[in-house]
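S.K.: In the UniProt record's numbering, the protein residues as written are 1 to 328. Quick reminder that beta carbons are idealized off the backbone N, C-alpha and C, glycines included. I have a structure here, written as structure tokens, and I will follow up with some questions on it.
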Amino acid sequence: MIPAPHLKHGLEDLCEAATELYERALREGQVSVADAEAAPCLAELGLLHAGVTAPNRLEPLAPAVALHQLLRTAEERIADERRREERLAAMFEPLMRIPGPGGGPSDIPSVTVLSGLDRIGRTIAGAMSGSSELLAVQPHVTHTLAPPNVHVEALARDQALLDRGGRIRTLYQHTLRHAPTVIARYERLRGDAEARTLDEVTERLIVIDRAVAFIPANADRTLALEVRHPAIVGFLATAFDRLWRLATPMYPEAVQQPVRDGVTPRQRAIAALLVEGHTDTVIAHRLGLNVRTARVHIAKLAATLGSASRAQLGYLIGRSGILDQAGS
Numbered sequence: 001m002i003p004a005p006h007l008k009h010g011l012e013d014l015c016e017a018a019t020e021l022y023e024r025a026l027r028e029g030q031v032s033v034a035d036a037e038a039a040p041c042l043a044e045l046g047l048l049h050a051g052v053t054a055p056n057r058l059e060p061l062a063p064a065v066a067l068h069q070l071l072r073t074a075e076e077r078i079a080d081e082r083r084r085e086e087r088l089a090a091m092f093e094p095l096m097r098i099p100g101p102g103g104g105p106s107d108i109p110s111v112t113v114l115s116g117l118d119r120i121g122r123t124i125a126g127a128m129s130g131s132s133e134l135l136a137v138q139p140h141v142t143h144t145l146a147p148p149n150v151h152v153e154a155l156a157r158d159q160a161l162l163d164r165g166g167r168i169r170t171l172y173q174h175t176l177r178h179a180p181t182v183i184a185r186y187e188r189l190r191g192d193a194e195a196r197t198l199d200e201v202t203e204r205l206i207v208i209d210r211a212v213a214f215i216p217a218n219a220d221r222t223l224a225l226e227v228r229h230p231a232i233v234g235f236l237a238t239a240f241d242r243l244w245r246l247a248t249p250m251y252p253e254a255v256q257q258p259v260r261d262g263v264t265p266r267q268r269a270i271a272a273l274l275v276e277g278h279t280d281t282v283i284a285h286r287l288g289l290n291v292r293t294a295r296v297h298i299a300k301l302a303a304t305l306g307s308a309s310r311a312q313l314g315y316l317i318g319r320s321g322i323l324d325q326a327g328s
């Protein structure tokens, strides 16, 4: 019976015959050349090599060495792809600025994936060059991979927009109303810049001149989408406008939300999420709090309403009418 031909494959797809022979070689220290003919891929992939003292025997490459070589090869391949991506971006960025038939930048609808914080920052800076309006949503984040100078660069390009007579509108969560970095930002900016806050906001959003928008494409924000589709950008800008009207002014003139019946605005926001059945962790994430702080507010809310249990707290929230007050 003629054996089936051996198909080409990579190490990550090691065939069953090769796996069994390689395991045997590791246990015994060597295998015969004749046995290795059943799995020629082992020699081709470098997992078996000729023995030093016995030419008719093959010795296995140590798995740790093989893994290191494979990982290094993978890293080099990834680095090559990133360099290719940078070359492509450098080539197409000036092409995208070529005026269309109407004399302005090309208005062909597009959604582009941007990879890497540096490239995202450069693309946003390019889109803001010469712009006159910036709408931004900046949610609270507990971690960031951004380089240390990212805030300095953002401040400089924002001030350049204001110096041209443009305007900036930014939405934050209430938890950032007294954040030192946010306060410092508005102490330095000069021009038509306003900020407002809400209990909850969307993920990060940047809309420039209502013509291009940027949104994150993964959790750590190392990927972003550059959106140049008029319908999508228009939708995002309208959503921002509606949230803006609902938000509480923070800068240049701060408006404080009133405390009613001993319940603070933050506790009312927590109460609404408690009634929906969310856990402490989810509540904390949605309101930009850490879990410990959220639980302190829940405990204070329970004490204010005289609740002795979580189940009773939900009942008392509904009976108290504090959520009706929040919407009034």
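1. First and last residue of the alpha helix (DSSP H) that includes residue 210?
2. What is the rounded straight-line gap between the Cα of residue 84 and the Cα of residue 70?
3. Thinking just about the alpha-carbon of each residue, which of 193, 272, 209 is nearest to the one in residue 251?
4. When DSSP labels each residue in this structure, what does residue 285 get in the three-state scheme?
5. Can the beta-carbon of residue 274 be found less than 9 angstroms from the beta-carbon of residue 314?
6. List the DSSP bridge partners of residue 251.
7. Are the stretch 230-250 and the stretch 206-219 touching by the rule of at least three beta carbon pairs closer than 8 angstroms?
8. Assuming residue 58 and residue 30 make a contact with CB atoms under 8 angstroms, what is their CB distance in whole Å?
9. Determine, using beta-carbon pairs with one atom in the stretch 291-307 and one in the stretch 263-283, whether at least three such pairs fall under 8 angstroms.
10. Give me the Cα-Cα distance between residue 309 and residue 319, rounded to the nearest whole angstrom.
11. Just confirm the distance between the C-beta atoms of residue 197 and residue 173, as a whole number of angstroms; I'd bet it's less than 8 angstroms.
12. Tell me, please, which residues DSSP counts as bridged to residue 167.
13. Could you tell me the alpha carbon to alpha carbon distance between residue 223 and residue 137, rounded to whole angstroms?
14. With the cut-off set at 9 angstroms, would you say residue 111 and residue 253 are in Cβ contact?
15. Between which residues of its own chain and residue 243 is the CB-CB distance below 8 angstroms, once the five residues before and five after are set aside?
16. So, for residue 182: in the same chain, excluding its five sequence neighbours on each side, which residues have a beta-carbon less than 7 angstroms away from its beta-carbon?
17. Taking Cβ to Cβ, would you say residue 159 is nearer than 9 angstroms to residue 122?
18. Between the alpha carbons of residue 190 and residue 162, how many angstroms are there, rounded?
19. Could you tell me which residues DSSP pairs with residue 229 in its beta bridges?
20. Taking only three categories from DSSP, how would you classify residue 216?
21. Taking the beta strand (DSSP E) that residue 175 falls in, what are its first and last residues?
22. Mind checking whether residue 18 and residue 41 have CB atoms under 9 angstroms apart?
23. Say yes only if the C-beta of residue 25 is nearer than 8 angstroms to one or more non-hydrogen atoms of the ligand HEM, and no if none qualify.
24. Check this for me: beta carbons of residue 131 and residue 165, under 9 angstroms apart or not?
25. How many Å lie between residue 321 and residue 266 at the Cα?
26. Can you tell me which of 51, 16, 14 puts its alpha carbon nearest to the alpha carbon of residue 331?
27. Taking the Cβ atom as the reference point for each residue, do residue 169 and residue 125 lie within a distance shorter than 9 angstroms?
28. Run through the stretch 36-62 for me and flag every whole alpha helix (DSSP H) of 4 or more residues, listed as ranges in chain order.
29. Among 178, 240, 228, 184, whose alpha-carbon lies nearest the alpha-carbon of residue 204?
M.R.: So, from the data block:
1. Careful: residue 210 lies outside any alpha helix (DSSP H) and carries neither H nor E.
2. Spanning the two alpha carbons is a distance of roughly 21 angstroms.
3. When only C-alpha atoms are compared, the closest one is 193.
4. Residue 285 carries a helical assignment under DSSP once its states are collapsed to helix, strand and coil.
5. yes
6. 195
7. yes
8. 6 angstroms
9. Output reads yes: the stretch 263-283 touches the stretch 291-307.
10. 15 angstroms
11. 6 angstroms
12. 133, 192
13. One Cα belongs to residue 223, the other to residue 137, and the distance between them is close to 17 angstroms.
14. no
15. Cβ neighbours of residue 243 beyond the five flanking positions: 137, 171, 198, 201, 202.
16. These residues qualify, in order along the chain: 172, 176.
17. no
18. 7 angstroms
19. Residue 229 pairs with nothing; no bridge assigned.
20. strand
21. Taken as a continuous stretch (DSSP letters only), residue 175 belongs to no beta strand (DSSP E), as it is neither H nor E.
22. yes
23. Ligands displayed in this structure: none; no statement on the ligand HEM is therefore possible.
24. no
25. 15 angstroms
26. With the chain represented from 1 up to 328, any question about residue 331 goes unanswered, as that position is not in the structure.
27. no
28. 41-44
29. When C-alpha distances from residue 204 are compared across 178, 240, 228, 184, the shortest belongs to 240.
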